[in-house]
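A short write-up of the structure that comes next.
There are 2 protein chains.
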Amino acid sequence: MNLSRRNFLTKSAAGAVALASIPTIVSSCISPEKEEKKDKYSLFEKGNTILFQGDSITDAGREKEKELPNSAGSFGRGYAFLAASTLLNALPEKDLTIYNRGISGNKVYQLADRWQKDCLDLKPDVLSILIGINDYWHFRNDKYDGTVEIYENDLRKLIQRTRDEFPKIKLVICQPFAVTNTRAVDETWIEPVKTFQVAAKKIADEFDAIWVPFQEVFDEAVKHAPATYWTGDGVHPGMPGAQLMAEAWLRAVE
Amino acid sequence: MNLSRRNFLTKSAAGAVALASIPTIVSSCISPEKEEKKDKYSLFEKGNTILFQGDSITDAGREKEKELPNSAGSFGRGYAFLAASTLLNALPEKDLTIYNRGISGNKVYQLADRWQKDCLDLKPDVLSILIGINDYWHFRNDKYDGTVEIYENDLRKLIQRTRDEFPKIKLVICQPFAVTNTRAVDETWIEPVKTFQVAAKKIADEFDAIWVPFQEVFDEAVKHAPATYWTGDGVHPGMPGAQLMAEAWLRAVE
Chain A
1 MNLSRRNFLT
11 KSAAGAVALA
21 SIPTIVSSCI
31 SPEKEEKKDK
41 YSLFEKGNTI
51 LFQGDSITDA
61 GREKEKELPN
71 SAGSFGRGYA
81 FLAASTLLNA
91 LPEKDLTIYN
101 RGISGNKVYQ
111 LADRWQKDCL
121 DLKPDVLSIL
131 IGINDYWHFR
141 NDKYDGTVEI
151 YENDLRKLIQ
161 RTRDEFPKIK
171 LVICQPFAVT
181 NTRAVDETWI
191 EPVKTFQVAA
201 KKIADEFDAI
211 WVPFQEVFDE
221 AVKHAPATYW
231 TGDGVHPGMP
241 GAQLMAEAWL
251 RAVE
Chain B
255 MNLSRRNFLT
265 KSAAGAVALA
275 SIPTIVSSCI
285 SPEKEEKKDK
295 YSLFEKGNTI
305 LFQGDSITDA
315 GREKEKELPN
325 SAGSFGRGYA
335 FLAASTLLNA
345 LPEKDLTIYN
355 RGISGNKVYQ
365 LADRWQKDCL
375 DLKPDVLSIL
385 IGINDYWHFR
395 NDKYDGTVEI
405 YENDLRKLIQ
415 RTRDEFPKIK
425 LVICQPFAVT
435 NTRAVDETWI
445 EPVKTFQVAA
455 KKIADEFDAI
465 WVPFQEVFDE
475 AVKHAPATYW
485 TGDGVHPGMP
495 GAQLMAEAWL
505 RAVE
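Quick note, the sequences are listed as chains A and B, same order.
The opening position of the first sequence corresponds to residue 1 in this note's numbering, with each subsequent residue numbered one higher.
The opening position of the second sequence corresponds to residue 255 in this note's numbering, with each subsequent residue numbered one higher.
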């Protein structure tokens, strides 16, 4: 148990290989050519604050009274909890502070309304955003009259405002997604959702953000099990889908 | 994105290596010599039911109204949720059914009291148990007058009863643990807790169960960050500790 540094590194390599079959779906979509990275997760520096922002998929039932960082109670049961737990375990020496501030039902303008309190005040070094599916879904349901142009402009303004305040912030923009053959999502979602995906990718490129292609990952996943195995309604992931998203997010940032 | 089987396997290997730094603590404790396993998680067969049993560490705040399998709401926020999410994502073709039936405060005799409903009725193919810390802690607090002999005998009876009902059941017995330099646990816990660990290991060996050495994993983890980073009170893990446990569990069963 008492390892020299040399032994530790050797054994680490064995550990890596042992996790072989876990990320096959993810690694077929994200950087399949990626080789072992010596300085894994170097995006995250010692003492960094990381913030997950978004809608219900990020919220995932988190308790909102305390909103503590690094706390299971405040993190919900979604991809943010799973990804943050992995980072906290993998990088104990980095003393990271990780928040989840996703709120169910949010569209991009609602992120903007609470951005001072729920982003800028936290002074994040790394910001991850997953937003957009409600911007479409609530429009489709006649609950909202926004368009994809409003989404794109609002998201651009939000990211610009963030970068103006924190010029060195590292950005992760996640692809909004919808999975067909589920309770809520059918084929008629594909084309309109694609316009939101295009807008999100455009902004990710403009700001040189890391891009997490969740739609592509789910499209690969449904080759391995029915769509409802991953997400019951096509928007909210279950346990397998949340873990799939977490692994995709981790691979994209690594 | 459209992969031949051959491509898929090749890319899978790349994915494995990319997860390099995550399991270093765990792999230094559990099977450091382990090479890549072609048939990962072959313990779990198609259609299997897997049951996590234990006390608050397994419970981890799960909602108890519905007690659904494969459901984040019913799984709490602990190692069982994290390990089960990983299995469900890694093995979509195996159509696993995974339950968490841990209950806070339980000692081994309380598992026995609810074993028909919360184990045998579920017909598990794989059973994982983490029990014992309350058998010591409640004795220490004068809330309980059990001894390590009672713990050992009760646990043996419980496992024998389970194997009598399901002769082919696969067993995972987890080492109860306590981490010093935390809110509740100091050096005086070490020796008495060790007696419970010895008893649990003895039973694991008697029944040819997979053994998950959580104490050794935490003992290694505290070389990388303060004990309270992993577990605030020394008994209940936080997010990093729960992920550490999940990775240890997964590595032990792989």
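Just so it is clear, CB atoms sit at the ideal spot from N, CA and C, and this is done for glycine as well.
Evaluate Leu374 of chain B with the Cβ neighbour count: other Cβ atoms within 10 Å of its Cβ, from every protein chain shown; 16 or more gives buried, anything less gives exposed. Leu374 of chain B comes out exposed.
For Asn141 of chain A versus Gly105 of chain A, is the C-beta distance shorter than 8 Å? Contact flag unset, no.
Gly146 of chain A to Ile30 of chain A, Cα distance in whole Å? Between Gly146 of chain A and Ile30 of chain A, the C-alpha separation is close to 31 Å.
From the beta carbon of Ser339 of chain B, is the nearest beta carbon of chain A less than 8 Å away? For Ser339 of chain B, the answer is yes, since a Cβ of chain A falls inside 8 Å of its Cβ.
Closer than 7 Å by beta-carbon distance: list the chain B residues that pair up with Gln243 of chain A, in chain order. Below the 7 Å Cβ cutoff, chain B contributes Ser339, Thr340, Leu342, Asn343 as neighbours of Gln243 of chain A, in chain order.
Excluding the 5 residues flanking Trp443 of chain B on each side, which residues of the same chain have their C-beta closer than 6 Å to its C-beta? Excluding residues up to 5 positions away in sequence, Ala432 lie with their Cβ nearer than 6 Å to the Cβ of Trp443 of chain B in the same chain.
Residues in the segment 99–122 of chain A with C-beta within 8 Å of chain B's C-beta atoms, listed in sequence order? Listed by position, the residues of the segment 99–122 of chain A near chain B (Cβ gap below 8 Å) amount to none.
Just mark Gly332 of chain B as buried or exposed, buried being the case when its beta carbon has 16 or more other beta carbons within 10 Å. A residue is called buried once 16 or more other Cβ atoms fall within 10 Å of its Cβ, and Gly332 of chain B is buried on that count.
Against Tyr144 of chain A, what residues of chain B qualify as contacts under a CB-to-CB distance less than 8 Å, listed in chain order? Think of a sphere of 8 Å around the beta carbon of Tyr144 of chain A: no beta carbon from chain B falls inside it, the nearest being about 27 Å out.
Given 8 Å as the limit, is there contact between the segment 98–114 of chain A and the segment 353–373 of chain B, that is, 3 or more CB pairs closer than that? With a cut-off of 8 Å, the segment 353–373 of chain B and the segment 98–114 of chain A do not count as touching, because too few Cβ pairs lie within range.
Rounded to whole angstroms, how far is the Cβ of Glu470 of chain B from the Cβ of Ile279 of chain B, which I believe are closer than 8 Å? About 10 Å; that fails the 8 Å criterion.
Proximity winner among A:Ile173, A:Asn181, A:Lys66, relative to Leu250 of chain A (alpha-carbon distances): For Leu250 of chain A, the closest of A:Ile173, A:Asn181, A:Lys66 by C-alpha to C-alpha distance is A:Ile173.
Asn134 of chain A: first and last residue of the uninterrupted alpha helix (DSSP H) it sits in: Asn134 of chain A -> alpha helix (DSSP H) spans 133–140.
Counting only beta-carbon atoms, is Pro92 of chain A nearer than 8 Å to chain B? So yes, Pro92 of chain A belongs to the interface.
Unbroken beta strand (DSSP E) runs of length 3 or more, entirely within the segment 409–497 of chain B: which are they? Counting only runs that start and end inside the segment 409–497 of chain B, the beta strand (DSSP E) elements of at least 3 residues fall at 424–428, 464–466.
From the beta carbon of Leu43 of chain A, is the nearest beta carbon of chain B less than 8 Å away? By this cut-off, Leu43 of chain A is not an interface position.
Please go through the same chain and pick out, in chain order, the residues whose beta-carbon is closer than 7 Å to the beta-carbon of Ser328 of chain B, but skip the five residues on each side of it. The answer, listed in chain order, is Arg316, Glu317, Lys320, Glu321, Leu322, Asn354.
With Asn70 of chain A as the anchor, note down where its alpha helix (DSSP H) starts and where it stops. Note, Asn70 of chain A: premise wrong, no alpha helix (DSSP H); not H, not E.
Interface flag, Gly54 of chain A vs chain B, CB-CB below 8 Å: No, no contact with chain B.
Under 8 Å Cβ-Cβ, which residues of chain B neighbour Phe75 of chain A? Those are Arg331, Met493, listed as they occur along chain B.
Report, in whole angstroms, the separation of the C-beta atoms of Leu171 of chain A and Phe207 of chain A, which I expect to be a contact under 8 Å. Cβ-Cβ separation between Leu171 of chain A and Phe207 of chain A: approximately 6 Å, consistent with a contact (criterion under 8 Å).
Checking contacts by CB at 8 Å: is Phe166 of chain A closer than that to chain B? Interface criterion not met: the Cβ of Phe166 of chain A is under 8 Å from no Cβ in chain B.
Thinking Gly386 of chain B and Pro430 of chain B are a contact (beta carbons under 8 Å), I'd like their distance in whole angstroms, please. Taking 8 Å as the upper bound for CB-CB distance, Gly386 of chain B and Pro430 of chain B are in contact here, some 3 Å apart.
Apart from the five residues on each side of it in sequence, which residues of its chain come closer than 8 Å, Cβ to Cβ, to Thr228 of chain A? So the list reads Asn181, Thr182, Arg183, once near-sequence residues are dropped.
Among residues of its own chain, excluding the 5 on either side of Ala314 of chain B, which ones have a beta-carbon nearer than 6 Å to its beta-carbon? The beta carbon of Ala314 of chain B sits closer than 6 Å to the beta carbons of Gly330, Arg331, Gly332 from its chain, once the five residues preceding and following it are set aside; these are given in chain order.
What in chain A is Cβ-close to Ala479 of chain B, meaning under 7 Å? Residues of chain A passing the Cβ test: Pro92, Glu93.
Counting along the chain, where does the beta strand (DSSP E) carrying Ser128 of chain A start and finish? The continuous beta strand (DSSP E) containing Ser128 of chain A extends over residues 126–130.
With a threshold of 8 Å on Cβ separation, who are the neighbours of Pro237 of chain A within its own chain once the five nearest residues in sequence on each side are excluded? Here the set comprises Ile57, Gly78, Tyr79, Trp230, Thr231, Leu244, Met245.
Under the rule that 16 or more other beta-carbon atoms within 10 Å means buried, what is Asp309 of chain B, buried or exposed? Asp309 of chain B comes out buried.
Assuming the contact rule is C-beta atoms closer than 8 Å, Leu43 of chain A and Leu127 of chain A should be a hit. Round their C-beta distance to whole Å, please. About 12 Å; that fails the 8 Å criterion.
Chain-ordered neighbours of Leu68 of chain A on chain D, where CB pairs are closer than 8 Å: In the displayed structure, chain D is absent; the protein chains listed are A and B.
DSSP three-state label for Leu345 of chain B, please. Three-state DSSP puts Leu345 of chain B in coil, outside helix and strand.
So, Val489 of chain B versus Val452 of chain B, is the Cβ gap smaller than 8 Å? With contacts defined as CB atoms closer than 8 Å, Val489 of chain B and Val452 of chain B fail to qualify as a contacting pair.
Given the structure, does Ser128 of chain A come close to the ligand FMN, in the sense that its CB is under 7 Å from one of the ligand's heavy atoms? The ligand FMN is not among the ligands present in this structure, which contains no ligands whatsoever.
Backbone CA spacing between Phe81 of chain A and Lys143 of chain A [nearest angstrom]: Rounded to whole angstroms, the separation of the alpha carbons of Lys143 of chain A and Phe81 of chain A is 29 Å.
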